[in-house]
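First residue of the sequence shown: 4, per my numbering; consecutive thereafter. Here's the structure we're looking at; comments come further down.
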Amino acid sequence: GAAALLEALAQRAGASRLRLLGLNWNVLGRRGTSALAAAAKAGALDVLEELWLRKCQLSDEDGAALFEALAQRSRSSLRALLLDDNRLGSGTAGAVVAALQKGMLPALGES
């Protein structure tokens, strides 16, 4: 399901014109989260403006890994990241703070 889609997206780094990726209510699991992080690291999400991950049962470790991957791309266009109703905690919060302090994710929160 979602993991296979994300793995394919990771292989299209630089070719994706995807602006919104809505994965709400999909249980991504470790495989899906790893594929999403790989896509981010590869630059496949550089033009992505909105990432919807509501109720995906993301763990704190998943959230931290995802933010660490997103923060590696200074060209990120991500403005909105929806993470409601997941199991995120201090690990994710620390990764968010570290990314923002480094000036990564420059568009996050812009309208």
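Note that CB positions come from ideal geometry on N, CA and C, so glycine has one too.
Return helix, strand or coil for residue i, following the three-state DSSP convention.
i: residue 32; result: helix
i: residue 64; result: helix
i: residue 52; result: coil
i: residue 13; result: helix
i: residue 25; result: strand
i: residue 43; result: helix
i: residue 8; result: helix
i: residue 75; result: coil
Can you give the Cα-Cα distance for residue i and residue j, rounded to whole angstroms?
i: residue 83; j: residue 34; result: 23 Å
i: residue 63; j: residue 13; result: 22 Å
i: residue 21; j: residue 109; result: 18 Å
i: residue 38; j: residue 10; result: 5 Å
Quick one: what's got a C-beta closer than 7 Å to residue i's C-beta in the same chain, skipping five residues either side?
i: residue 5; result: 26, 29, 31 and 35
i: residue 70; result: 95, 98, 99 and 102
Based on the DSSP secondary-structure assignment, which residues constitute the bridge partners of residue i?
i: residue 83; result: 53
i: residue 90; result: 62
Could you name the residues of the same chain whose beta carbon sits closer than 8 Å to that of residue i, not counting the 5 residues immediately before and after it, in chain order?
i: residue 50; result: 19, 20, 21, 22 and 80
Please work out which residues of its chain come closer than 6 Å, Cβ to Cβ, to residue i, disregarding the five sequence neighbours upstream and downstream, and give them in chain order.
i: residue 60; result: 30
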